[in-house]
Amino acid sequence: PDLPHLARWINDRYDADVYQDPYSPFCLIARRTADAEAICDYLARYCRQAGDVQVVRNDVYARFAHVGYSKGTALAEIASRLGVTAEETFAAGDHVNDLPMLDLDVAAHLAAPANAVPEVQAAVREHGGYLCRRPCGHGVEEALRRILQAEPS
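Residues in the sequence shown are numbered from 23 upward in steps of one, following my numbering.
Below, the structure written as structure tokens:
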């Protein structure tokens, strides 16, 4: 990807910081969610032409990542190394970067805390997961307690 061109395009149009870190050559923090959405829409179109890179977003934060790696592939790899099946795996998410792990091929027990964005709530609902009443970590605790109480002893 032409990173200098992308950084200039963003800086000319939006109030956002573009930087790199040890995990990605291209990261950004936008000041507004609407700006992050617009920037990521542009970056997603750019990435489709670039080939093996994708944009991963969480609220006002975004970065480039290899298309072969996501929270879903990471969770599946950890489960595989531990000898755990998808039926024995729990995943909870609140933003679009969590969608790849909120898949029944990765985890059979899915949850979305009350603060999850609509896309995540819809995915969890569609897969028969649990929509928590409580937000953040409290919602994850709520979901785990519900799952563990339903398990046969």
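A virtual CB, placed ideally from N, CA and C, is assigned to each residue, including glycine.
Subject >> C-alpha gap between residue 107 and residue 100, whole angstroms >> reply: As a position in the sequence shown, residue 107 is number 85, starting the count at 1. As a position in the sequence shown, residue 100 is number 78, starting the count at 1. Rounded to whole angstroms, residue 107 to residue 100 spans 10 Å at the Cα level.
**OP:** For the beta strand (DSSP E) holding residue 39, just list the boundary residues, first then last.
**Re:** Against the sequence shown, residue 39 aligns to sequence position 17. Annotation: the continuous beta strand (DSSP E) that includes residue 39 extends over 38 to 43.
**OP:** Would you check if the distance between the CB atom of residue 129 and the CB atom of residue 157 is smaller than 9 Å?
**Re:** On the sequence shown, residue 129 is found 107 positions in, with the first residue counted as 1. On the sequence shown, residue 157 is found 135 positions in, with the first residue counted as 1. Result no, Cβ atoms of residue 129 and residue 157 do not sit closer than 9 Å.
Original post:
Just to confirm, are residue 57 and residue 38 a CB contact at a threshold of 9 Å?
Top reply: For the purposes of this step, residue 57 is taken as the residue at position 35 of the sequence shown. For the purposes of this step, residue 38 is taken as the residue at position 16 of the sequence shown. Taking 9 Å as the Cβ cut-off, residue 57 and residue 38 qualify as a contacting pair.
**OP:** Can you tell me which of 43, 120, 63 and 133 puts its alpha carbon nearest to the alpha carbon of residue 112?
**Re:** If you number the sequence shown from 1, residue 112 lands on position 90. That would be 133, whose Cα lies nearest to the Cα of residue 112.
Original post:
Which one or two residues does DSSP pair with residue 46 in a beta bridge?
Top reply: Position 24 of the sequence shown holds residue 46. Its beta-bridge partners are 43.
Original post:
If you follow the beta strand (DSSP E) that residue 80 is part of, which residue opens it and which one closes it?
Top reply: For the purposes of this step, residue 80 is taken as residue 58 along the sequence shown, with counting starting at 1. Note, residue 80: beta strand (DSSP E), 75 to 80.
**OP:** In the DSSP assignment, find the unbroken alpha helix (DSSP H) run with residue 117 in it and report its ends.
**Re:** For the purposes of this step, residue 117 is taken as the residue at position 95 of the sequence shown. Counting along the chain, residue 117 falls outside any alpha helix (DSSP H), and DSSP gives it neither H nor E.
Subject >> Sub-9 Å separation of residue 92 and residue 119 beta-carbons >> reply: Here residue 92 refers to the residue found at position 70 of the sequence shown. Here residue 119 refers to the residue found at position 97 of the sequence shown. Yes, Cβ-Cβ distance for residue 92 and residue 119 is below 9 Å.
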